[in-house]
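Written out below as structure tokens is the structure these notes cover.
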Amino acid sequence: MSRIFKPPTPLTAVGNSASVFLAGSIEMGQAEDWQAYVAQCLQDTDVTILNPRRDDWDATWEQTIAHTKFREQVDWELTAQELATVIAMYFEPSTKSPITLLELGLFARTGKVVVCCPDGFWRKGNVEVVCDRYNIPMVGSLDKLIEAVLSRA
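Using this note's numbering, the first residue of the sequence shown is number 4, and each one after it goes up by one.
Written as structure tokens, this is what we have:
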């Protein structure tokens, strides 16, 4: 049975078991909740799910290092990605996903990233080049992303 951690839950209990960070389109809560779908599909597996979609997110938080809650969120996400054994990235075509693009750059060389970038994403070409250069598996659907996660978890 999977376990799910969301911010601001401390990550100290993640342990050394297989874990997947769900990086990807959120757009300040405007993107579809694809993370819930992936978590549901993984619920019968022995994997820890690190889901950054915060239940008490407040879009009015000032996005600055001085804002305690915002800083806590960003630190949680970075730590969770560093701890994860797999980072699953989803680029929803109707979004810009600047933070996910940043995270792809940060973690491309780790060997633990798998990417879903369907046709229609505004910077798919850039994502394809990065994935090709760093041998990152890239798929075109959420179901294929889940398969890629399961093959690594």
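For every residue, glycine included, the Cβ atom is placed at its ideal position computed from N, Cα and C.
Can you find the residues in the same chain that come closer than 7 Å, C-beta to C-beta, to ASP36, ignoring five residues on each side of it along the sequence?
Excluding sequence neighbours, ASP36 sits near ARG56.
Rounded to whole angstroms, what is the Cα-Cα separation between PRO13 and GLU131?
Cα to Cα, PRO13 sits roughly 34 Å from GLU131.
Pick helix, strand or coil for THR158, following the three-state DSSP scheme.
Residue 158 lies beyond the range of the chain shown here (4 to 156); nothing can be said about it.
Under 8 Å: do the segment 40 to 54 and the segment 107 to 121 share three or more Cβ pairs, one atom per stretch?
Not touching, per the Cβ criterion.
Are VAL50 and ALA151 touching if we call contact CB-CB under 8 Å?
For VAL50 and ALA151, no; Cβs fall outside 8 Å.
Mind checking which residues open and close the beta strand (DSSP E) that includes SER154?
No beta strand (DSSP E) holds SER154; the alpha helix (DSSP H) holding it covers 145 to 155.
Per the DSSP calculation, GLY27 is bridged to which residue(s)?
According to DSSP, which records beta bridges pairwise, GLY27 is partnered with TYR93.
Check VAL17 in the structure and name its three-state DSSP category.
DSSP places VAL17 in coil when its eight states are reduced to three.
I need the boundaries of the beta strand (DSSP E) containing ARG6, first residue and last residue.
Residues 6 to 8.
Taking only the alpha-carbon atoms, compute the straight-line gap between PHE24 and ARG126 and give it to the nearest angstrom.
If you take the alpha carbons of PHE24 and ARG126, they lie about 22 Å apart.
Are LEU53 and ALA21 closer than 8 Å when you measure CB to CB?
ALA21 sits away from LEU53, with the two beta carbons spaced by 8 Å or more.
Can you tell me whether GLN46 is buried or exposed? The criterion is at least 16 other CB atoms within 10 Å of its CB, across all chains shown.
GLN46 comes out exposed.
Helix, strand or coil for CYS119 per DSSP?
In this structure, CYS119 counts as strand in the three-state DSSP scheme.
Let me check understanding here. Comparing Cα to Cα, which of ILE102, TYR93, PRO101 lies closest to MET141?
Out of ILE102, TYR93, PRO101, TYR93 has the C-alpha closest to the C-alpha of MET141.
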